[in-house]
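Under my numbering, the sequence shown has 121 at position 72, and the numbering climbs by one with no breaks.
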Amino acid sequence: MAEAPKPIRNDSLLASIKKTKEEASQENTVKLLNEVVRAKLLAPVTLDRDPVMEGEDGQVVLEKDTTISFELIKAKNGDLYYPVFTHGEELRKCSQEKNQHSMIVSFEDLANMILKQSKTVRGFVINPMGDNICFTADMIEGMINEMKKEAAAKEA
């Protein structure tokens, strides 16, 4: 029998956020950024039709042509951001809907969604009802450029 999926938890990311808030040193900030890049985060989504549960493993399958809409939050200045969450408890703080769906997303997923748009969405926010860590498109682009430089240096 297949093992049921484990809930998303990002304990090392949460610890890194806490440490960076206590002391915003360059070392702590770099560790935080590395944790964000490695994390699997929960993003609230709306589906135009309900998913189908398949098998004993609880795997969720979407029908072909299902439309997925990622929820957005608005900053005080009117800018839009994708809210993402380190774990289910944080997601539930923000969601008012009983039948809320969520998807697991990575930094790479978020970067692609944000950087390939026409600046409509300004970035993403981790745990907006708690830690409220904001990553703007410029920050994301800078992180990607740094990762590319590091990868090129390793190949050289």
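Note that CB positions come from ideal geometry on N, CA and C, so glycine has one too.
The structure presented is a predicted model; accordingly, all values stated were derived computationally and were not measured.
For the set Ala201, Gly172, Thr115, Leu82, the Cα lying nearest the Cα of Ala124 is the one of Gly172. Going by beta carbons, Leu62 and Val85 fall inside the 8 Å limit. Under the three-state reduction of DSSP, Thr169 is assigned to coil, being neither helix nor strand.
Counting only residues of its own chain and dropping the five nearest sequence neighbours on each side, Val133 has a CB closer than 6 Å to the CB of Leu90, Ala92, Phe173, Ile175. Shown here for Ala160: same chain residues with a beta carbon closer than 7 Å to its own, the five before and five after excluded, namely Ile189, Ile193 in chain order. Where Ile117 is concerned, the enclosing beta strand (DSSP E) starts and stops at 117-119.
A direct Cα-Cα distance of roughly 27 Å separates Lys197 from Lys67. Taking a 10 Å sphere around the C-beta of Pro100, we find fewer than 16 other C-beta atoms and assign the residue as exposed. Its chain contains Met192 as the residues whose beta carbon lies nearer than 7 Å to that of Leu82, once the 5 sequence neighbours on both sides are disregarded; these appear in chain order.
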